[in-house]
Amino acid sequence: MDLAHEKRLTEVEERSKSNSHRLDDVEKRQNDLDKIVNTVARLDEREKTVEADVKEIKTDVKNIKNIPAKRWEQIITLIIAAVVGYLLSELGL
């Protein structure tokens, strides 16, 4: 083997080592990206659960908020019915 071939072979071997290191780095980055993707998927599932819980809580709060209003409506209806009943009894009906 002459000197030119030996030099060329050495350059190719060095480039091969460099490429191997670069590929190792790319594989590590890809593994890190895969972990991130899995984490984001889990966060998405949790977000859906939280969203469903928030909707349920909002419905419960609206129902609780409407309870006093319903009670007041019943009291007002009872008072109006009593007044109307009293007036009708005074009129003799």
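First residue of the sequence shown? That's 69 in this note's numbering, and the numbers climb one at a time after it. Here a beta-carbon is modelled for each residue, glycine too, at the ideal position from N, C-alpha and C.
| Asked | Found |
| --- | --- |
| Alpha-carbon spacing of Ile135 relative to Gly153, whole angstroms | 27 Å |
| Asp70: first and last residue of the uninterrupted alpha helix (DSSP H) it sits in | Where Asp70 is concerned, there is no enclosing alpha helix (DSSP H), given that its DSSP letter is neither H nor E. |
| Test: Asn131 CB closer than 9 Å to a CB of chain C | Checking the listed chains, one finds no chain C in this structure; it contains a single protein chain. |
| Spatial distance of Arg97 from Asp128 (CA atoms) | 46 Å |
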